[in-house]
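Those letters in the sequence shown? Residues 1 to 65, by full-length UniProt numbering. From the three backbone atoms N, C-alpha and C, an ideal C-beta is built for every residue, glycine too. Remember, it's a predicted structure, so these values are computed and weren't measured experimentally.
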Amino acid sequence: NAALNKSYLWYKIRTFTLTANMQATQANNLEAQVFAEYLLRIGDGTKLTIGNNLIRLPDKIIIHP
């Protein structure tokens with residue numbers, strides 16, 4: 001139950017449609033370009049989801065405390 005859409009703040013959230021990650025796509029860095037493509041797959045709905053539209057983030061982009 002630690003999801004943002006279950007929070008009392010959810011009604012204040014505004015969602016946007018991602019169409020291009022200009023900062024990442026302009027980088028001369030393959031890792032940044034791969035990440036930009038990943039974000040676009042999420043934004044356009046082609047990234048596979050788990051259950052109720054949840055996505056699994058790759059371990060390499062998760063920052064653990």
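Contact under 7 Å by Cβ, I55 with T49: yes
I believe G43 touches T19 by the beta-carbon criterion, under 8 Å. Please report the beta-carbon distance rounded to the nearest angstrom. 7 Å
Residue span of the alpha helix (DSSP H) that contains Y38, given as start and end: L30 to G43
State the Cα-Cα distance for the pair N52 and F35, rounded to the nearest angstrom. 23 Å
Give the single residue among L40, R41 and A32 whose Cα lies nearest to the Cα of I61. A32
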